[in-house]
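Going by the numbering used here, the first residue of the sequence shown is number 1210, and it counts up by one from there.
C-beta: ideal position from N, C-alpha, C; glycine also.
Since we're looking at a predicted model, the values are computed, not measured.
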Amino acid sequence: MGLLLILSAAADAAVAWFALIPRRRAVGNATVCVNAISYPTAPLTLRRMVTAALVTTTFVAVKCFVLAAAGLEFFGLIHTLYLDCVVVAPLMGLSVLFRARQATLAARIAAVLVLTMIPVGVHASFIEPFRLQTERADIPLAMQRGGREPIVIGVLSDIQTDRVSQYERGAIDRMMASRPDILLLPGDLFEGTDAELERELPAIRELVNRLRAPGGVYFVPGNCESPEQAADILRETGVRLLVNQIVRVNVRDRAVTIAGVELKPTPAAKRTIAELESAPGHDDVRILVSHLPDHVYSMSANSRIDLLVAGHTHGGQVQLPWFGPPIIFSTVPRHVGAGGLHHLDGRRIYVSRGLGVERGPAPRIRFLCPPEITHLTLK
C-alpha cells in the first residue's frame, strides 16, 4: 500500500508539473525554450495555475476510477487525495515561488496560500490524533430516578488501535483517575490483521484489564470485531460483553439497567431495545449501548430509555469550519454524528468521537476533531 501511495502522488505531481511549468516549443524551424529557468520572460500566471489544477484534478479523477475498478477501497482513495492536498499541492506552490521572478503577484499569493497545507498536514497527521480531550456532559433525569449523589459514566469508544502504545495506556490512566461509577466501551477495540491481533492480544488484554468500575465495565461489538472475536479478546478480563443482553446493577442508592446490542439493528437487537423500553418500573436509570448511533431509530419517540451511548463515527475525524464532518458513515444527522449530546424526537443520544482513528489503508488523521474520553454525569 505504501508503494502505491508513493507512485500515485508521484504521478499526480508529474502531471501537475507538466501542466504548470512552461515547456520548449517549436517556432518555425527553431526550437524556443520557454521554461521558466532559461527563458525568464515566460510568465507563471494565476490563470496557468488554475489550468494546471483543473488538468491535475481531471487526471486524479480518472486515476481514482481506475484504482477503484482495480479493487482499491474507499479509504485508500481518500488517502491518495489527502497526499495530493498536503504533499503534491505544496510542492507545486514551492515550484512557483522558486520561479518568483517569472510569477505574477496573484500567482505568488496563490502559491503562499497553497503552502498552508503543509502545517495543516503536519497537524492533522501528527498532532490532532493524539490531542486527547476529556469531554463532560450532564444528563438530567426524571425526578423519580434521581438520587442523593450523581452517577458518573465513563465512555471509551473506538480505541481502534493496531498496536498498543503509551497513548492508549495514557488514555486508560486518565479515565481511571476520574473513578467513574460505570464504564462503557461502544466497540472497535482493535483494527488489524489476524496476525497483528495475535501479536497484540496480551497487550490488549492487559490494557482493558486495567478498567475497573463499581457498577461494572461493559463492551459491545463494533465493525472491527465480531461477537465471537470480542468474547475471545475479553476472555480473562474484567470487561463484560453485552450482545443483545440486559443487566441491572446498583450504584449507591440507584438502580441502573444497561442494555448492549449487536452492530446492526437486527430483529434481535430491536427486541432487546423494546424489552428495555417496556420493562415495568419508573425508578431505574436505563442506558442503551451500541456501536452504531443508528440504533436511535429503533427507540420509540420520547423513549423510556434515558440515554443511548454510541461511537462509530469518530466525529468524522475531519470537520470543516461552519460545515462539520463531510462523512460520518451513519444515517443520523451530520451534527449528531459529529459527536456530543443530542436529542432526536425525545430520544437522548451521546455520540463519542472515539479514541483512535480509522486504520488499514485510511490516512490516520484528525482535523478539528480531537479524540476523546467521556464523563457523563447522571443527575
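Selected residue, minimal CA-CA separation from residue 1470, among 1460, 1215, 1502 and 1261
1502
Rounded to whole angstroms, how far is the Cβ of residue 1214 from the Cβ of residue 1322, which I believe are closer than 8 Å?
With 8 Å as the limit, residue 1214 and residue 1322 do not qualify as a contact, their Cβ atoms being about 25 Å apart.
Quick check: the Cα distance between residue 1583 and residue 1223, rounded to an integer number of angstroms?
46 Å
Tell me whether the segment 1403-1418 and the segment 1367-1383 touch, counting them as touching only if at least three CB pairs, one residue from each stretch, are closer than 8 Å.
yes
Mapping the DSSP letters down to three states, classify residue 1336 as helix, strand or coil.
helix
Please classify residue 1265: does DSSP put it in a helix, a strand, or coil?
helix
Any idea if residue 1366 is buried or exposed, counting beta-carbon neighbours within 10 angstroms, 16 or more meaning buried?
buried
Give the straight-line distance between the Cα atoms of residue 1360 and residue 1570, rounded to the nearest whole angstrom.
40 Å
Distance, Cα to Cα, residue 1482 vs residue 1299?
51 Å
Going by alpha carbons, who is nearest to residue 1254 out of 1410, 1210, 1304 and 1564?
1304
Please list the segments of the alpha helix (DSSP H) lying wholly inside the segment 1336-1403, counting only runs of 4 or more residues, in order along the chain.
1375-1386
Starting from residue 1305, trace the alpha helix (DSSP H) both ways and give me its first and last residue.
1298-1307
Skipping 5 residues on each side, what residues in its chain have a beta carbon closer than 7 Å to that of residue 1384?
1363, 1365 and 1582
Would the segment 1501-1518 count as touching the segment 1337-1356 if we require 3 or more Cβ pairs under 8 Å?
yes
Would you check if the distance between the CB atom of residue 1395 and the CB atom of residue 1549 is smaller than 7 Å?
no
So the candidates are 1426, 1212 and 1401; which of them puts its Cα closest to the Cα of residue 1456?
1426
Over the uninterrupted alpha helix (DSSP H) stretch that includes residue 1442, give me the two end residues.
1436-1442
Note down, in chain order, each residue of its chain lying with its Cβ closer than 8 Å to the Cβ of residue 1261, except the 5 sequence neighbours on either side.
1225, 1228, 1229 and 1301
Range of the contiguous alpha helix (DSSP H) that encloses residue 1323:
1314-1324
Could you tell me the alpha carbon to alpha carbon distance between residue 1526 and residue 1512, rounded to whole angstroms?
30 Å
Between residue 1448 and residue 1458, which are expected to be in contact by the criterion C-beta below 8 Å, what is the C-beta distance as a whole number of angstroms?
Not really, about 14 Å apart at Cβ, beyond 8 Å.
Are the beta-carbon atoms belonging to residue 1498 and residue 1392 less than 7 Å from one another?
no
Where the alpha helix (DSSP H) through residue 1543 begins and ends:
1543-1546
Which residues mark the beginning and the end of the alpha helix (DSSP H) in which residue 1549 is found?
Unbroken run through residue 1549 is the beta strand (DSSP E), 1549-1553; no alpha helix (DSSP H).
Kindly indicate which three-state DSSP category residue 1521 falls into: helix, strand or coil?
coil
Closest Cα partner of residue 1430 within the set 1468, 1423 and 1402
1468
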